[in-house]
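In my numbering, the protein residues as written are 13 to 248. Even glycine gets a Cβ: it sits at the ideal position worked out from N, Cα and C.
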RNA sequence: UGUCCGCUAGUUCUUC
């Protein structure tokens, strides 16, 4: 079963969800909780939230008790399909199981709430938790970016900067993508500069993509193209 | 019978 679980995981991560499912089905009744989790996260990582949720319900029906891994995974699936009502149902289960304080489950809950448009709930969880760390901050910032809300993303970012948990490259992917969605070129550039100069965070491929996106959306096509050609990464 | 361990989980550009 462990070998099969690993196969499901590998297929899922390599984008062959159908092959993962074939292995999953071959195992038949020998599934353990890891088998279910590996298959659920495989679906979640490919934005197949419906399939993940169907599997989650089936797992519960068959009497397999979801663990922290299951909840973190199913919440990611819920985020991908923006299903706030499913998310709330899952949250109730999380509370019943006493998993709300787990940092993985908590950040998944926050991610789900903010992406599903309920940033007040995400904020509330954040204020209550003892895990105000880089990842939970990032979850808020990235979530606001997904919702095209630069002001809220910036607001979170500034609060994060004032606090004592460090910013990282993911923080800036969130902030820069929020700028990009709003076509805020000047802000993109100044944040990018602050990232490298004040915070000594090395720019990644994603950061350059955000800048190119930002330039492109605001009509600066020549600049976008020249940045694309001069960035220290292979374009795709 | 129980507990623990081994395979699985959170924040990440564009498009959807």
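* Where residue 53 falls, given that 16 or more other Cβ within 10 Å makes a residue buried -> As a position in the first chain, residue 53 is number 41, starting the count at 1. Looking at its Cβ environment, which holds 16 or more other Cβ atoms inside 10 Å, residue 53 is buried.
* From 184, 143, 29 and 32, residue whose alpha carbon lies closest to that of residue 206 -> The count along the first chain starts at 1 and reaches residue 206 at position 194. For the residues 184, 143, 29 and 32, the minimum Cα distance to residue 206 belongs to 184.
* Asked: In this structure, does DSSP put residue 117 in helix, strand or coil?
  -> Locating residue 117 in the first chain gives position 105, counting from the first residue. Helix, per DSSP.
* Classify residue 26 as buried or exposed, calling it buried when 16 or more other Cβ atoms lie within 10 Å of its own Cβ. => Looking up residue 26 in the first chain gives position 14. Under this definition residue 26 is an exposed residue.
* **Those runs of the alpha helix (DSSP H) which lie wholly inside the stretch 14-90 and span at least 4 residues** => 14-25, 29-39, 45-57 and 61-73
* Short Cβ contact (8 Å threshold) for residue 213 with residue 239 -> In the first chain, the residue the question calls residue 213 occupies position 201. In the first chain, the residue the question calls residue 239 occupies position 227. In this structure, residue 239 does not lie closer than 8 Å to residue 213 by Cβ.
* Sub-8 Å separation of residue 128 and residue 96 beta-carbons -> The residue given as residue 128 occupies position 116 in the first chain. The residue given as residue 96 occupies position 84 in the first chain. Cβ atoms of residue 128 and residue 96: closer than 8 Å.
* Exposed or buried, residue 44, counting other C-beta atoms within 10 Å across all chains shown (16 or more means buried)? -> As a position in the first chain, residue 44 is number 32, starting the count at 1. The residue is exposed, with fewer than 16 neighbouring Cβ atoms inside 10 Å.
* Distance, residue 31 Cα to residue 111 Cα -> As a first step, residue 111 must be located in the first chain, where it is residue number 99. As a first step, residue 31 must be located in the first chain, where it is residue number 19. Distance between the alpha carbons of residue 111 and residue 31: 31 Å.
* To do: Give me the Cβ distance between residue 143 and residue 115, rounded to the nearest whole Å; I'm assuming they're in contact under 8 Å.
  => The residue labelled residue 143 in the question sits at position 131 within the first chain. The residue labelled residue 115 in the question sits at position 103 within the first chain. 4 Å between Cβ atoms; contact.
* With a 10 Å radius around its C-beta and 16 neighbouring C-beta atoms as the bar for buried, classify residue 91 as buried or exposed. => The sequence position of residue 91 within the first chain is 79, counting from 1. With 16 or more Cβ atoms within 10 Å of its Cβ, residue 91 is classed as buried.
* Asked: Should residue 148 be listed as close to the ligand ZN, given that the test is whether its C-beta is under 7 Å from any heavy atom?
  -> In terms of ligand content, the structure shown is empty, and the ligand ZN therefore cannot be addressed.
* Ignoring anything shorter than 4 residues or poking outside the stretch 139-206, list the alpha helix (DSSP H) runs there in chain order. => 146-158, 162-174 and 181-193
* **Backbone CA spacing between residue 132 and residue 56 [nearest angstrom]** => Sequence index remark: in the first chain, residue 132 carries index 120 (1-based). Sequence index remark: in the first chain, residue 56 carries index 44 (1-based). So the two alpha carbons sit approximately 24 Å from each other.
* Contact belief for residue 138 with residue 148 at Cβ below 8 Å, rounded distance in angstroms -> Your numbering for residue 138 matches position 126 in the first chain. Your numbering for residue 148 matches position 136 in the first chain. Contact holds; Cβ gap of about 6 Å.
* Asked: Can you name, in chain order, every residue of its own chain whose Cβ lies under 8 Å from the Cβ of residue 168, other than the five neighbours on each side?
  -> Here residue 168 corresponds to residue number 156 of the first chain, with the count starting at 1. For residue 168, where only same-chain residues beyond five positions count, the Cβ hits under 8 Å are 149, 152, 153 and 156.
* Under a Cβ-count criterion, where at least 16 other Cβ atoms within 10 Å of its own Cβ denotes burial, should residue 248 be classed as buried or exposed? -> The sequence position of residue 248 within the first chain is 236, counting from 1. Exposed.
* Asked: Sorted by chain position, which residues of the same chain lie with C-beta nearer than 7 Å to residue 165's C-beta, five sequence neighbours on each side aside?
  -> Taking the first chain and counting its residues from 1, the one referred to as residue 165 is at position 153. 153, 156, 157, 186, 187 and 190.
* Taking the continuous alpha helix (DSSP H) assigned at residue 219, which residues delimit it? -> If you number the first chain from 1, residue 219 lands on position 207. It spans 217-229 - the alpha helix (DSSP H) in which residue 219 sits, taken as one unbroken run.
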